[in-house]
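Q: Keeping their order, the protein sequence lines are chains V and S.
If you count by the numbering used here, then the first sequence holds residues 55 to 268, one letter each, in order.
If you count by the numbering used here, then the second sequence holds residues 6 to 15, one letter each, in order.
Please see the structure below; I have some questions.
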Amino acid sequence: MNIFRLFGDLSHLAAIAILLLKIWKTRSCAGVSGKTQLLFAVCFITRYIDLFLHFVSLYNTEKVMKLIYISASVFTCYLIFFKFKATYDGNHDSMRAEFLIVPAAGLACLINTKFDAIEILWTFSIYLEAVAILPQLFLISKTGEAETITSHYLFAQGSYRALYILNWIYRYHYESHVDTIAIVAGVVQTILYCDFFYLYITKVVKGQKIVLPA
Amino acid sequence: QFTIKDHDEL
Numbered sequence: 055m056n057i058f059r060l061f062g063d064l065s066h067l068a069a070i071a072i073l074l075l076k077i078w079k080t081r082s083c084a085g086v087s088g089k090t091q092l093l094f095a096v097c098f099i100t101r102y103i104d105l106f107l108h109f110v111s112l113y114n115t116e117k118v119m120k121l122i123y124i125s126a127s128v129f130t131c132y133l134i135f136f137k138f139k140a141t142y143d144g145n146h147d148s149m150r151a152e153f154l155i156v157p158a159a160g161l162a163c164l165i166n167t168k169f170d171a172i173e174i175l176w177t178f179s180i181y182l183e184a185v186a187i188l189p190q191l192f193l194i195s196k197t198g199e200a201e202t203i204t205s206h207y208l209f210a211q212g213s214y215r216a217l218y219i220l221n222w223i224y225r226y227h228y229e230s231h232v233d234t235i236a237i238v239a240g241v242v243q244t245i246l247y248c249d250f251f252y253l254y255i256t257k258v259v260k261g262q263k264i265v266l267p268a
Numbered sequence: 006q007f008t009i010k011d012h013d014e015l
């Protein structure tokens with residue numbers, strides 16, 4: 055474990071907590087893409103499938119983190135699609151998720167480290183996570199604005215994988231550890247946030263709201 | 006020689 059990965063995971067936890075708090079406190083999921091949250095839940099379940107297969111006692115923080123990620127993302131989907139369904143902005147959350155899931159699944163079958171079920175699921179989860187934020191970014195571009203709390207969520211969510219890139223550089227240099235699939239997908243994922251990061255740094259940090267050119 | 010261990014990251 056290195057500092058980049060630690061802060062990456064903390065940033066990821068923060069993102070999940072910020073979103074949950076936003077929905078719970080405002081009792082509304084306006085401006086939140088339910089599809090992105092569904093895709094994240096699928097990512098966690100397919101990536102941590104080992105938790106369900108050979109359940110080992112919660113002997114280390116990694117197992118606990120995996121369970122937190124899965125339960126928090128499923129609970130977030132429950133809040134969006136059931137509890138606060140009336141506030142779900144279905145009209146603007148209109149990116150076709152199939153256009154993300156099918157290519158990720160196809161690519162996972164073509165480019166992977168070994169062709170077995172668990173590895174394919176892990177690879178699918180990595181590819182899907184890289185593009186899972188697109189419905190959320192699409193929704194913001196459709197509505198033309200993002201609530202400040204939602205931009206904090208996006209900043210934490212985008213920073214998590216950006217910090218993981220620093221972690222991979224660190225591990226390449228000190229542990230000669232390279233996981234090419236995760237690195238390539240992580241770079242793509244972080245690039246998708248670039249224009250948002252620019253808006254966040256120039257706008258939100260100055261206390262302004264993010265308003266996209268409609 | 007680069008090692009690809011089992012995916013040991015979240």
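Where is the CB? At the ideal position from N, CA and C, for every residue including glycine.
Along the stretch 63-90 of chain V, what residues have a CB closer than 8 Å to any CB found in chain S?
A: Answer set for the stretch 63-90 of chain V: Asp63, His66.
Q: I'd like to check one pair, Arg59/V with Tyr218/V: are the Cβ atoms closer than 8 Å?
A: Closer than 8 Å, so yes.
Q: Can you look up Ala162/V in the DSSP assignment and give me helix, strand or coil?
A: Reduced to three states, the DSSP call for Ala162/V is helix.
Q: Could you please give me the residues that DSSP links to Ala200/V through a beta bridge?
A: Answer is Ile264/V, bridged to Ala200/V.
Q: In its own chain, which residues sit with a C-beta less than 8 Å from the C-beta of Arg187/V, not counting the 5 before and 5 after it?
A: Per the sequence shown, residue 187/V should be read as Ile rather than Arg. Correct list, in chain order: Thr90, Leu208, Gln211, Gly212, Gln243, Leu246, Tyr247.
Q: Ordered along the chain, which non-local residues of its own chain (more than five positions away) have a Cβ less than 7 Å from that of Ala69/V?
A: Around Ala69/V: Tyr207, Ala210, Gln211, Tyr214.
Q: Would you say Tyr102/V and Lys120/V are within 8 Å of each other, going by their C-beta atoms?
A: Yes, these two residues count as a Cβ contact at 8 Å.
Q: Considering just the uninterrupted stretch of the alpha helix (DSSP H) at Lys89/V, what are its terminal residues?
A: Looking at the DSSP string, the run of the alpha helix (DSSP H) that includes Lys89/V is 88-101.
Q: If you run the structure through DSSP and keep just helix, strand and coil, what is Ile15/S?
A: Ile is not the amino acid found at residue 15/S; the sequence shown has Leu there. Leu15/S falls in the coil class under three-state DSSP.
Q: Ordered along the chain, which non-local residues of its own chain (more than five positions away) have a Cβ less than 7 Å from that of Met149/V?
A: Excluding residues within five positions, the ones whose Cβ falls inside 7 Å are Lys89, Leu188, Pro189, Phe192.
Q: Is there contact between the stretch 115-130 of chain V and the stretch 194-206 of chain V, where contact requires at least three CB pairs shorter than 8 Å?
A: The stretch 115-130 of chain V vs the stretch 194-206 of chain V: no contact.
Q: Can you give me the Cβ contacts of Lys76/V inside the same chain, cut-off strictly under 7 Å, excluding the 5 residues immediately before and after it?
A: Correct list, in chain order: Ile203, Thr204, Tyr207.
Q: Under 8 Å between C-beta atoms, does Glu201/V make it to chain S?
A: Answer no: the Cβ-Cβ gap between Glu201/V and chain S never drops below 8 Å.
Q: Report the option in Glu173/V, Ala184/V, Tyr181/V whose CA atom is closest to the CA atom of Asp13/S.
A: Out of Glu173/V, Ala184/V, Tyr181/V, Glu173/V has the C-alpha closest to the C-alpha of Asp13/S.
Q: With DSSP collapsed to three states, give me the class of Ser65/V.
A: Helix.
Q: Does any C-beta atom of chain S lie closer than 8 Å to the C-beta of Asp170/V?
A: With 8 Å as the cut-off, Asp170/V does not count as an interface residue toward chain S.
Q: Please list, in chain order, all residues of the same chain as Leu220/V whose beta carbon is under 6 Å from its beta carbon, the five residues on each side excluded.
A: Counting only Cβ-Cβ distances below 6 Å, and skipping sequence neighbours, we find Phe58.
Q: Could you pull out every residue in the same chain whose Cβ sits closer than 6 Å to the Cβ of Ala162/V, ignoring the five residues on either side in sequence?
A: Once the five neighbours on either side are set aside, the close Cβ partners of Ala162/V are Ile174, Thr177, Phe178, Tyr181.
Q: Let's see if you can read the secondary structure: which residues bound the alpha helix (DSSP H) around Val118/V?
A: Here the alpha helix (DSSP H) through Val118/V covers 115-132.
Q: Buried or exposed for Tyr142/V, going by 16 or more other Cβ atoms inside 10 Å?
A: Per the 10 Å Cβ criterion, buried.
Q: What would DSSP say about Lys257/V, mapped onto helix, strand or coil?
A: Looking at Lys257/V - three-state DSSP - the assignment turns out to be coil, as it is neither helix nor strand.
Q: How would you call Gly85/V, buried or exposed, if buried means at least 16 neighbouring beta carbons within 10 angstroms?
A: Under this definition Gly85/V is a buried residue.
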